[in-house]
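Structure record follows, encoded as structure tokens.
In the numbering used here, the protein residues as written are 730 to 1005.
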């Protein structure tokens, strides 16, 4: 049976020339062959809770042996309804090596002619039957590709924070100057805000939360930045670009904008990494 894959916004496809509208919509529904053939294992949704406006935090116990293949933050797997043709690709948001269930940050998306959407997951209750594949993808090979980088800048929007969280909590960035530029439309759509302090104190990752639609946010006493993540980064002082690496996860337009900025200031394109 051929399986149609639906990409989660927590993955980025190779960029192509696009108008730099950096995070107008956090969805990327594309039908295509992706990676190795999935090996499906029956599974069950363990828990589900609100993570932010339009986002759910899910936990699912990995199939037997699957955790052994989860070694690099940014890896992902496929999830589908039992026997369905269409499957979704979801980055694992918990850290490699963490005991227990895998965690996922899933954006609520309606179905379409080419996509099952995510409502069957995000509207479900614990106990939902599903099928899960093996762990896939190279993740963000920080240790391999950015070993000589003393600074790592991370850029994500919306649910693209999921694989970035995995990288942060893996500890692979410790010893480096690390900064995360995290963009959403509004503060209500920004997940993991309760982790920002921990990421700094435990992993030395400084978070710069950024919203693109600041109107009406005064009641939140918003202390972050306004605008787009690459513009915020461009306004701040950059160290040596030759020793700087970049991690990207979000929409293609955002990735295009960040890559244009990064290469423009002298960061090598091969040091701009995505998780696929």
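All C-beta atoms in this analysis are idealised placements derived from N, C-alpha and C, irrespective of residue type, glycine included.
For clarity, every value in this text was computed on a predicted model and none was experimentally measured.
Range of the contiguous alpha helix (DSSP H) that encloses residue i
i, result
"residue 890", "890-899"
"residue 973", "Careful: residue 973 lies outside any alpha helix (DSSP H), inside the beta strand (DSSP E) at 973-978."
"residue 850", "848-851"
"residue 962", "958-963"
Extent of the continuous beta strand (DSSP E) to which residue i belongs
i, result
"residue 939", "934-940"
"residue 784", "784-789"
"residue 829", "Careful: residue 829 lies outside any beta strand (DSSP E) and carries neither H nor E."
"residue 774", "770-781"
"residue 802", "Residue 802 -> no beta strand (DSSP E), and no H or E assigned at all."
"residue 882", "880-886"
"residue 907", "906-913"
"residue 876", "Neither: residue 876 is in no beta strand (DSSP E) and is coded neither H nor E."
"residue 988", "Here residue 988 belongs to no beta strand (DSSP E); instead the alpha helix (DSSP H) covers 981-993."
Status (buried if at least 16 other CB within 10 Å, exposed otherwise) for residue i
i, result
"residue 802", "buried"
"residue 777", "buried"
"residue 937", "buried"
"residue 771", "exposed"
"residue 1006", "Outside the displayed span of the chain (730 to 1005) sits residue 1006, for which this structure offers no information."
"residue 841", "exposed"
"residue 804", "buried"
Integer-rounded CB distance, given that residue j should sit under 8 Å from residue i
i, j, result
"residue 864", "residue 790", "At roughly 13 Å, the Cβ-Cβ gap does not stay under 8 Å, so residue 864 and residue 790 are not in contact."
"residue 987", "residue 819", "Incorrect: roughly 22 Å between the Cβ atoms, too far for contact."
"residue 911", "residue 939", "7 Å"
"residue 851", "residue 785", "5 Å"
"residue 825", "residue 800", "5 Å"
8 Å CB neighbourhood of residue i in its chain, flanking five on each side removed
i, result
"residue 754", "Note that residue 754 scores a pLDDT of 32, beneath 50, so its modelled location is shaky; the value from the coordinates is reported in the next line. If we look at residue 754 and ignore the five residues flanking it on each side, its Cβ neighbours are 980."
"residue 827", "898"
"residue 854", "774 and 777"
"residue 902", "871, 881, 896, 932, 933 and 934"
Residues near residue i in its chain [Cβ-Cβ closer than 7 Å; skip 5 each side]
i, result
"residue 996", "970, 973 and 975"
"residue 823", "831, 832 and 895"
Chain D within 8 Å of residue i, Cβ atoms only
i, result
"residue 804", "Considering every chain present, this structure includes no chain D. It has just one protein chain."
Neighbourhood of residue i by C-beta, 6 Å cutoff - its chain only, sequence neighbours within 5 removed
i, result
"residue 959", "986, 987 and 990"
"residue 998", "992"
"residue 1001", "975, 988 and 991"
"residue 917", "782"
### Query
Counting Cβ pairs, one atom from each stretch, are 3 or more of them under 8 Å apart for the stretch 958-970 and the stretch 878-887?
A contact exists between the stretch 958-970 and the stretch 878-887.
### Query
Would you call the stretch 867-874 and the stretch 835-851 in contact, with 3 or more CB pairs under 8 Å?
Not touching, per the Cβ criterion.
### Query
Does the stretch 920-929 come close enough to the stretch 949-966 that 3 or more CB-CB pairs lie under 8 Å?
Contact between the stretch 949-966 and the stretch 920-929 is absent: fewer than three C-beta pairs spanning the two stretches fall below 8 Å.
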